[in-house]
Structure formats: C-alpha cells, structure tokens
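Residues 1 to 472 in the UniProt record's numbering are what the sequence shown lists, from first letter to last.
First comes the structure, then the notes that go with it.
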Amino acid sequence: MSLLPALDGAFGDRHDAVRVAGESTSWSVLAARAIDLASAVEGAGVVAVAAAPTLDTVVAVAAALRARVAVVPIPIDAGPDERSHILRDSGAACFLGSHPWDDVAIESIPLRAATAPMRSMHAIGAADPDPDDEAVAMIMYTSGTTGPPKGVLVSRRAIALGLDALADAWAWTSDDTLAHGLPLFHVHGLILGVLGPLRLGSALVHTGRPTPGAYAEANASLYFGVPTVWSRIVAEPAAARSLRGARLLVSGSAALPAPVFEGIASLCGQRPIERYGMTESLITLSTRADGERRPGSVGTTLPGVTTRCIDEAGEPLVPDGESVGALEVRAASLFTGYLNQPATTAGCFTDDGWFRTGDAATIGADGFHRIVGRQSTDLIKTGGFRVGAGEVEGALLAHPAVREAAVIGVPDTDLGQRIVAFVVGDGLTTIDLGAFVACRLSQHKRPRRVHIVDALPRNAMGKIQKTKLTEP
Ligand code: MCA
Ligand code: AMP
Numbered sequence: 001m002s003l004l005p006a007l008d009g010a011f012g013d014r015h016d017a018v019r020v021a022g023e024s025t026s027w028s029v030l031a032a033r034a035i036d037l038a039s040a041v042e043g044a045g046v047v048a049v050a051a052a053p054t055l056d057t058v059v060a061v062a063a064a065l066r067a068r069v070a071v072v073p074i075p076i077d078a079g080p081d082e083r084s085h086i087l088r089d090s091g092a093a094c095f096l097g098s099h100p101w102d103d104v105a106i107e108s109i110p111l112r113a114a115t116a117p118m119r120s121m122h123a124i125g126a127a128d129p130d131p132d133d134e135a136v137a138m139i140m141y142t143s144g145t146t147g148p149p150k151g152v153l154v155s156r157r158a159i160a161l162g163l164d165a166l167a168d169a170w171a172w173t174s175d176d177t178l179a180h181g182l183p184l185f186h187v188h189g190l191i192l193g194v195l196g197p198l199r200l201g202s203a204l205v206h207t208g209r210p211t212p213g214a215y216a217e218a219n220a221s222l223y224f225g226v227p228t229v230w231s232r233i234v235a236e237p238a239a240a241r242s243l244r245g246a247r248l249l250v251s252g253s254a255a256l257p258a259p260v261f262e263g264i265a266s267l268c269g270q271r272p273i274e275r276y277g278m279t280e281s282l283i284t285l286s287t288r289a290d291g292e293r294r295p296g297s298v299g300t301t302l303p304g305v306t307t308r309c310i311d312e313a314g315e316p317l318v319p320d321g322e323s324v325g326a327l328e329v330r331a332a333s334l335f336t337g338y339l340n341q342p343a344t345t346a347g348c349f350t351d352d353g354w355f356r357t358g359d360a361a362t363i364g365a366d367g368f369h370r371i372v373g374r375q376s377t378d379l380i381k382t383g384g385f386r387v388g389a390g391e392v393e394g395a396l397l398a399h400p401a402v403r404e405a406a407v408i409g410v411p412d413t414d415l416g417q418r419i420v421a422f423v424v425g426d427g428l429t430t431i432d433l434g435a436f437v438a439c440r441l442s443q444h445k446r447p448r449r450v451h452i453v454d455a456l457p458r459n460a461m462g463k464i465q466k467t468k469l470t471e472p
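As structure tokens, then:
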C-alpha cells in the first residue's frame with residue numbers, strides 16, 4: 001500500500017474530500033495537483049512549506065511526499081530568527097508554494113491552480129512504489145529545554161505505522177469525516193490531522209481556527225482538539241451540544257483537565273478519547289473507541305508500542321497504578337533522530353534502546369497510563385504548544401539592555417500553562433520587550449507577561465531557582 005492511498009484512488013473519489021478554511025477539493029483533483037507538483041521537486045532533498053491553514057498547504061505537503069522529498073513545515077508566524085534557523089538547519093532547497101516573507105533567499109516553486117479536470121481515479125496511475133520505508137518524510141521542528149528548536153526526523157514508515165495504529169484504536173475509516181482547526185506545522189494538526197485522512201480515506205474539514213462555533217458547524221464524525229480547544233467548547237454549551245452526533249471526540253497534546261472531560265461527557269453525550277504522544281514518537285498511548293475512557297488516563301499502548309516506567313535508580317517499576325517513574329517507550333513510530341545532532345539523539349535513548357520521553361507517569365496493572373507531568377519544568381506546554389524556556393530566555397537576552405532572564409510556565413485554566421518571564425536590566429519597559437520578542441518568536445512562544453525585577457533568586461552555586469519565581 002502507498003503512504004497516502006486516498007491519492008491513489010484507494011477510496012474512490014468524493015467531491016468534498018478535503019475542505020480547508022472554506023475551500024474544498026475532491027480526492028482526484030487533489031491527487032492531480034499533487035502529482036503535477038511532485039514532478040517539479042523530484043530529487044530536491046528537503047523542501048519547505050509555509051504551513052498556513054490553507055488547501056495549498058495540503059497540496060504542497062502531499063506533492064513533496066509523492067516526490068519522496070522530505071518536507072519541513074514552517075510556522076506562518078515564526079519570527080525571522082526562528083525561520084532562518086529552520087531553513088538553514090534543515091537545508092531546505094526551496095519553498096513549495098508561496099510564503100509571505102521577503103527576506104527568504106531560496107526560490108519558491110509556485111502551485112498551479114486546480115486546472116486538472118475531474119478524471120477517473122484509475123487514471124491517476126500507480127501508487128508511489130516503495131512507500132513505507134525509512135526515508136525521511138517530515139522534519140518537524142520542536143523545542144527542547146535549551147537552545148533553538150531541533151529538527152525531528154520522521155520517517156515514512158513511522159507515519160504509516162503510527163496512523164495505522166490510530167485507525168485500529170479509534171476505528172477510524174473512510175466512512176469518517178474528521179474536523180479540526182489545529183496548526184499545520186505540528187504532528188497533531190499535520191500528520192494526524194491531514195496525513196491521517198489522506199492515508200485512511202476519511203474526509204477532512206479543517207476549520208481554519210479551532211473555535212467552538214467552527215467545530216459546531218463542521219458536521220463531522222471525528223473531532224481532534226487540544227485541551228484548550230475542548231475547554232473553550234465546554235464553555236459554550238450550545239456549540240458543545242452540536243457535537244452530540246459525532247462518533248468520537250479526541251483530545252491530546254496536553255493533559256485534559258477532569259472538569260473538561262466531564263463537561264464533554266455531559267454536553268456532547270460521550271466521554272472523550274484521550275491520547276498521548278510526542279513529536280519524537282508520534283502517538284503511543286490512547287484510550288480506544290471500543291474501550292473504557294477514564295478521566296486523567298491516556299489509556300493503553302497502541303499496536304507496535306511498549307512502555308515502561310523507571311525509578312530514580314534506573315530500575316523498571318512494577319505497574320501498580322501508583323508508583324510514578326520516568327516514562328520510556330519503544331515504538332514502530334519513533335523518530336529517526338534530531339537533524340544534525342547525533343549526540344543529543346543518542347542521549348535520548350537508553351543503552352538498551354528505550355526512548356526517554358521526559359514525562360513522569362504511572363502504569364496500572366490493567367495497562368492504563370496516567371501522565372503526571374514533565375520531568376523538567378523548562379519544557380512548557382501552552383495551548384498544546386511545546387515551548388522551551390531556554391529559547392524564550394535566549395530571545396529576551398538578545399535585547400541589549402537585558403542582563404538576566406528566567407522563563408517559567410504558570411498554571412492557566414485556559415492554556416494549561418502560560419509563559420511568564422522575569423528579567424533584570426537597565427531602563428527596560430515591558431512594551432519594548434514585548435515588541436522585541438515579537439520579532440523573534442512565534443506568537444505562542446512569547447511571554448504573556450514580563451516582570452522586570454531587581455534580581456533573580458539564586459542558590460549558593462549561583463543557579464537560578466525557578467521554583468522561587470512567583471508572580472506579584
Ligand atoms: C497569543 N496572543 C497574544 C500572545 N499569544 N497576545 C499577546 N502576547 C502573546 N504572547 C493573542 C492571540 O493572537 C489571540 O489574538 C489572543 O491573544 C488569544 O490567543 P490565545 O489565547 O493563544 O488563543 P488562540 O490564538 O485562539 O490559540 C489557542 C489555540 C492554540 C487555538 C488552542 O494554542 C493552538 O492552536 N494550539 C494547538 C497547538 C498544537 O497543535 N499542538 C500540537 C503539538 P486574536 O484573537 O486577535 O488572534 S503536540 C503534538 O503534535 C503531539 C504529537 C501531540 O500529542 O499532539
Ligand atoms: P510535542 O512534542 O509538542 O508533541 O509535546 C509532547 C509532550 O506533550 C509530551 O512529552 C507530553 O509532555 C505532552 N502531552 C502530549 N499529550 C499529552 C496528554 N494527553 N497528557 C499529558 N501530556 C501530554
């Protein structure tokens with residue numbers, strides 16, 4: 001089977017197969033556009049796509065995959081520093097489709113409009129020959145605790161196996177229509193939310209933004225959201241009730257608070273599915289469409305995944321549902337490595353090949369997992385986005401008047417955590433700093449609040465004590 005069988009006619013044709021922010025297309029026209037564009041990038045190595053929530057983004061990504069070229073999605077609001085880091089580090093040869101930036105040196109290959117007439121899906125031709133292999137399909141940039149984002153190499157095989165495992169857990173088929181409005185530069189919105197439909201044949205409605213009203217109008221069978229999206233839906237009961245006809249409501253990317261879980265259950269008429277994953281591993285744990293759905297639990301291992309929790313001495317814990325340890329996984333959907341960072345990659349794996357997730361968890365005797373939190377407070381989850389404190393601190397420290405900076409995640413009922421910065425410097429104003437970081441960081445990485453302080457709390461060794469930072 002090919003990587004994206006919907007583009008090979010495996011599910012026949014359907015006129016409204018993919019709709020993104022109001023613009024829709026059929027499988028056959030999408031396939032024709034992707035195949036046409038694929039011929040322009042064959043052999044390119046790596047191509048970049050400005051990942052706006054548009055149909056063109058879907059065409060560009062599908063074309064790159066068709067051409068067996070790795071694709072790096074760029075956040076549309078990435079500041080110049082972040083953008084040039086990603087382009088330089090990934091070695092992208094060109095942009096596929098347009099982008100809004102005038103400081104980008106590499107060429108852009110334009111997307112042609114949908115000139116291809118509707119034709120029989122059989123006329124589209126044979127699938128790509130060798131689809132489920134180790135070749136890199138996507139380079140997904142994600143934050144670590146320090147430094148600029150790292151490029152996570154995701155293979156074609158990982159995508160194929162990861163999506164097939166979700167199809168099994170969620171009974172996700174071509175009878176479904178998936179709706180979501182998540183960004184197209186992360187695993188959740190792009191790999192699950194776009195490549196999922198293209199692999200499994202379900203229709204896709206991308207709502208542009210994930211607002212309660214847009215979800216209410218999507219009339220889908222399957223919905224994806226991060227907890228912030230679900231909590232906003234629950235806060236609008238009329239919108240939440242419109243989802244009563246859905247088959248499955250899925251939450252992930254951050255912990256779903258129990259009150260939001262209960263709100264979904266009572267307003268939408270069904271308990272949500274919660275699943276857990278990482279850019280590096282794709283989705284590894286989930287509750288199942290045909291299984292129990294418990295608040296606070298991310299369920300059991302997906303096909304092809306094994307997990308264990310390790311205590312401080314490095315010994316595996318007995319799965320008793322209570323002992324908290326460091327979660328490690330082995331999975332068919334694991335990444336190939338961080339681009340250009342072999343030492344960092346090696347450091348993420350144990351000697352016997354388990355991937356260290358950096359999350360603390362418990363595993364029950366029944367195989368149900370509970371994520372307790374991150375082991376490092378320097379990885380912040382805000383609105384489902386993973387943000388490294390070090391990257392935000394680096395942006396603040398680039399300001400000539402900032403001497404010291406410390407960034408933390410503060411609990412937030414809407415976002416899970418919100419980013420708060422403490423800075424020391426001369427003649428600073430929060431307005432200046434806000435404008436300064438706005439040129440460097442994409443919006444969700446910018447501090448929601450900046451406190452200008454006289455000094456940062458430090459221990460006897462001079463290390464900043466972030467646990468002592470509290471908002472006035
Ligand atoms: C945002 N605003 C700000 C700032 N940030 N203003 C000042 N300073 C800031 N730092 C503005 C926004 O532009 C917006 O304005 C308004 O404040 C509200 O912003 P916000 O509260 O952030 O809401 P939002 O813009 O509606 O975003 C919430 C969201 C978003 C839609 C839930 O966080 C989101 O798309 N999250 C999804 C993240 C995701 O997909 N993660 C997957 C990675 P205005 O209204 O005027 O625009 S995890 C993954 O892939 C793994 C594998 C997994 O497990 O899934
Ligand atoms: P990212 O690489 O952006 O996908 O972030 C991965 C991290 O998101 C994980 O290491 C977890 O800390 C967090 N995460 C993802 N899904 C969940 C979930 N269902 N519950 C709790 N944390 C989650």
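All C-beta atoms, glycine included, are put in the ideal place defined by N, C-alpha and C.
Residue range of the alpha helix (DSSP H) that includes Ser266 = Ser266 -> alpha helix (DSSP H) spans Ala258 to Cys268.
First and last residue of the beta strand (DSSP E) that includes Val277?
-> According to the sequence provided, residue 277 is Gly. The question's Val does not apply to it. According to the DSSP assignment, Gly277 belongs to the beta strand (DSSP E) that extends over Ile273 to Met278.
What whole-angstrom Cβ distance do Asp146 and His180 have, given they're in contact under 8 Å?
-> Note that residue 146 is Thr in the sequence shown, not Asp. So it is not a contact: roughly 31 Å between Cβ atoms.
Kindly list the residues whose CB is nearer than 8 Å to the CB of Ala460, restricted to its own chain and excluding five residues on each side of it in sequence; keep chain order.
-> Excluding sequence neighbours, Ala460 sits near nothing in its chain.
Which of helix, strand or coil DSSP assigns to Ala460 | It is coil, neither helix nor strand.
Less than 8 Å between the CB atoms is what I'm expecting for Leu54 and Ala21, so what's the real figure, rounded?
-> Checking the sequence, you will find Thr at residue 54 rather than Leu. About 6 Å separates the two Cβ atoms, so the contact holds.
Is the distance from the Cβ of Ser143 to the Cβ of Pro149 below 8 Å?
-> Cβ distance < 8 Å, so Ser143 and Pro149 count as in contact.
To the nearest angstrom, how far is it from the Cα of Ser286 to the Cα of Leu256?
-> The straight-line gap from Cα to Cα measures roughly 13 Å.
Going by CA-CA distance only, name the one from Pro5, Ala160, Pro210 and Ser174 that's closest to Leu184.
-> Comparing alpha-carbon positions, the option among Pro5, Ala160, Pro210 and Ser174 lying closest to Leu184 turns out to be Pro210.
Pairing CB atoms from the region 102-109 with CB atoms from the region 241-260, are three or more of them under 8 Å?
-> Output reads no: the region 241-260 does not touch the region 102-109.
Runs of alpha helix (DSSP H) lying entirely within the region 358-404, each at least 4 residues, in chain order | Every alpha helix (DSSP H) of 4 residues or more that sits fully in the region 358-404 is shown, in chain order, as 389-397.
Check whether the Cβ of Val229 lies closer than 7 Å to any heavy atom of ligand 1, and answer yes or no.
-> Because some heavy atom of ligand 1 lies under 7 Å away, the Cβ of Val229 counts as near it: yes.
Using the rule of at least 16 other Cβ atoms within 10 Å of the residue's Cβ for burial, across every protein chain shown, is Gly201 buried or exposed?
-> Its Cβ being crowded by 16 or more others within 10 Å, Gly201 is buried.
Start and end of the beta strand (DSSP E) containing Val205?
-> Taken as a continuous stretch (DSSP letters only), the beta strand (DSSP E) holding Val205 covers Ala203 to His206.
Figure out for me which residue from Arg293, Glu315, Ser266 and Phe355 has the closest Cα to the Cα of Thr306.
-> When each option's Cα is compared against that of Thr306, the closest is Phe355.
Which value, in whole angstroms, describes the spacing of the CA atoms of residue 475 and Leu37?
-> Because the chain is modelled from 1 through 472, residue 475 falls outside the range shown and cannot be assessed.
To the nearest angstrom, how far is it from the Cα of Thr272 to the Cα of Ile264?
-> Correcting the residue type first, residue 272 is Pro in the shown sequence and not Thr. The C-alpha of Pro272 lies about 7 Å from the C-alpha of Ile264.
Using 8 Å as the Cβ pair cut-off and three pairs as the minimum, do the region 447-457 and the region 418-438 touch?
-> These segments touch.
If you measure from the beta carbon of Val152 to each beta carbon in chain C, is any gap under 8 Å?
-> Any reference to chain C falls outside this structure, which holds one protein chain only.
Kindly provide the ranges of any alpha helix (DSSP H) runs that are 4 or more residues long and lie completely inside the region 314-357, ordered along the chain.
-> If we require 4 residues or more, the alpha helix (DSSP H) runs fully inside the region 314-357 come out as 342-347.
Are Ala389 and Val407 closer than 8 Å when you measure CB to CB?
-> Cβ atoms of Ala389 and Val407: closer than 8 Å.
Gly180 - partner residues in DSSP beta bridges | Reading off the sequence, residue 180 comes out as His, not Gly. DSSP lists His206 as partners of His180.
Just checking my contact of Leu282 with Val136 at CB under 8 Å: how many whole Å lie between their CB atoms?
-> Not quite, the Cβ-Cβ distance comes to about 14 Å (not below 8 Å), so this is no contact.
Between the C-alpha atoms of Gly97 and Gly364, what's the straight-line distance to the nearest angstrom?
-> Cα atoms of Gly97 and Gly364: separation of roughly 48 Å, rounded to the nearest angstrom.
Considering only the beta carbon of each residue, do Ser251 and Trp230 sit closer than 8 Å?
-> Between Ser251 and Trp230, the gap from beta carbon to beta carbon is short of 8 Å.
Within 10 angstroms of its Cβ, does Gly151 collect 16 or more other Cβ (buried), or is it exposed?
-> Around the Cβ of Gly151, a 10 Å sphere holds 16 or more other Cβ atoms; the residue is buried.
Have a look at Leu302, Val260 and Glu262 and flag the residue whose alpha-carbon is nearest the alpha-carbon of Arg275.
-> It is Leu302.
6 Å CB neighbourhood of Pro212 in its chain, flanking five on each side removed | So the qualifying residues of the chain are Arg232, Ile233, Glu236 and Ala239.
Just how far apart, CA to CA, sit Arg83 and Arg403?
-> C-alpha of Arg83 to C-alpha of Arg403: approximately 25 Å in a straight line.
Taking C-beta to C-beta, are Thr177 and Ala113 nearer than 8 Å?
-> No. Outside cutoff.
Spatial neighbours of Ala126 in its chain, beta-carbon cut-off 6 Å, leaving aside the 5 residues before and after | Note on Ala126: pLDDT 47, under 50, position unreliable in the model; the coordinate value appears next. Result list for Ala126: empty, nothing under 6 Å.
Could you have a look at Leu111 and say whether DSSP puts it in helix, strand or coil?
-> Annotated three-state conformation of Leu111 is coil, per DSSP.
Anyone know if the C-beta pair for Arg199 and Leu222 falls short of 8 Å?
-> With respect to the 8 Å criterion, Arg199 and Leu222 are not classified as neighbours on the basis of their beta carbons.
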